[in-house]
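Undergrad: In the working numbering, the protein residues as written are 350 to 534.
1. On the three-state DSSP scale, how would you describe residue 356?
2. Can you tell me where the beta strand (DSSP E) with residue 396 in it begins and where it stops?
3. In or out: residue 502 buried (at least 16 other Cβ within 10 Å) or exposed?
4. Taking only three categories from DSSP, how would you classify residue 548?
5. Evaluate residue 397 with the Cβ neighbour count: other Cβ atoms within 10 Å of its Cβ, from every protein chain shown; 16 or more gives buried, anything less gives exposed.
6. Quick check: what's the CA-CA separation for residue 513 versus residue 417?
7. Relative to the C-alpha of residue 400, which residue among 373, 481, 497, 464 is closest?
8. According to the neighbour-count rule (16 or more other Cβ atoms, all chains shown, within 10 Å of its Cβ), is residue 414 buried or exposed?
9. What is the rounded straight-line gap between the Cα of residue 488 and the Cα of residue 384?
10. Do you know offhand how far residue 443's Cα is from residue 491's?
11. Please report the straight-line C-alpha distance between residue 435 and residue 456, rounded to a whole angstrom.
12. In or out: residue 404 buried (at least 16 other Cβ within 10 Å) or exposed?
13. Who are the near neighbours of residue 505 in its chain, counting only those whose CB is closer than 6 Å to its CB and skipping five residues on each side?
14. Within 10 angstroms of the Cβ of residue 371, are there 16 or more other Cβ atoms? Answer buried if so, exposed if not.
15. Pull the bridge partners of residue 503 from the DSSP assignment, please.
16. Mind checking who residue 377 pairs with in its DSSP beta bridge?
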């Protein structure tokens with residue numbers, strides 16, 4: 350029923366979803382561009398519309414009553430940014446102990462323009478030995494795509510450059526907030 354509702358909502362607003370990757374038992378989904386809170390809603394509708402589920406990382410401050418139980422029920426993982434333990438290591442441990450787990454991560458780590466994409470998603474994919482799927486949300490074409498499986502080589506800089514190159518053609522809701530450049534800000 351949720352699948353049908355999600356498809357209907359996306360269709361009403363003119364969005365299409367294209368998925369060409371297998372439903373891996375474990376995977377990291379890299380999602381970009383991330384320039385708006387709408388990206389979260391669109392991503393949730395898209396993944397639900399194809400009958401899949403993906404967890405997501407979100408600031409712990411959003412997990413208050415009544416939102417906390419709701420976000421957890423749809424796969425939310427609270428992130429305590431003040432915690433001294435590495436989130437990347439926590440996610441690697443979570444993947445290593447789970448039989449089935451998919452987590453969507455935005456590499457920019459912010460909705461603001463940044464050239465410094467985070468690399469933890471690459472480390473998680475590499476060290477937990479799980480596929481890294483590349484998903485895009487393109488506002489001009491109203492297309493959400495999950496079409497490429499990327500196998501990290503272990504060379505973080507080279508892999509990140511290749512991933513940024515993949516995302517060059519896509520445009521977020523706020524184009525000025527997204528860049529695939531490497532220049533320092």
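Where a beta carbon is used, it is the ideal one built from N, C-alpha and C, also for glycine.
TA: Inspection of the coordinates gives the following:
1. Your numbering for residue 356 matches position 7 in the chain shown. Three-state DSSP puts residue 356 in a helix.
2. The residue you call residue 396 lines up with position 47 of the chain shown. No beta strand (DSSP E) holds residue 396; the alpha helix (DSSP H) holding it covers 387 to 398.
3. Locating residue 502 in the chain shown gives position 153, counting from the first residue. Result: exposed.
4. Residue 548 lies beyond the stretch modelled for the chain, which goes from 350 to 534, so this question has no answer here.
5. Taking the chain shown and counting its residues from 1, the one referred to as residue 397 is at position 48. Residue 397 sits buried, since 16 or more C-beta atoms from the chains shown fall within 10 Å of its C-beta.
6. Position 164 of the chain shown, counted from the first residue, corresponds to residue 513. Position 68 of the chain shown, counted from the first residue, corresponds to residue 417. CA-CA distance, residue 513 to residue 417, rounds to 32 Å.
7. For this step, residue 400 is matched to residue 51 along the chain shown. Nearest C-alpha to residue 400: 373.
8. For the purposes of this step, residue 414 is identified with residue 65 of the chain shown, where counting begins at 1. So residue 414 counts as exposed.
9. For the purposes of this step, residue 488 is identified with residue 139 of the chain shown, where counting begins at 1. For the purposes of this step, residue 384 is identified with residue 35 of the chain shown, where counting begins at 1. Answer to the nearest angstrom: the Cα atoms are 10 Å apart.
10. The residue given as residue 443 occupies position 94 in the chain shown. The residue given as residue 491 occupies position 142 in the chain shown. Each residue's Cα considered, the two are about 33 Å apart.
11. Residue 435 sits at position 86 when you count from the first residue of the chain shown. Residue 456 sits at position 107 when you count from the first residue of the chain shown. A direct Cα-Cα distance of roughly 16 Å separates residue 435 from residue 456.
12. On the chain shown, position 55 is the one that residue 404 refers to. Buried is the call here.
13. As a first step, residue 505 must be located in the chain shown, where it is residue number 156. For residue 505, where only same-chain residues beyond five positions count, the Cβ hits under 6 Å are 468, 471.
14. Start at 1 with the first residue of the chain shown, and residue 371 comes out as number 22. Counting every other CB atom within 10 Å of its CB across the protein chains shown gives residue 371 a total below 16, marking it as exposed.
15. Here residue 503 refers to the residue found at position 154 of the chain shown. According to DSSP, residue pairing for residue 503 in a beta bridge does not occur.
16. Residue 377 sits at position 28 when you count from the first residue of the chain shown. Bridge pairing for residue 377: 452, 481 [DSSP].
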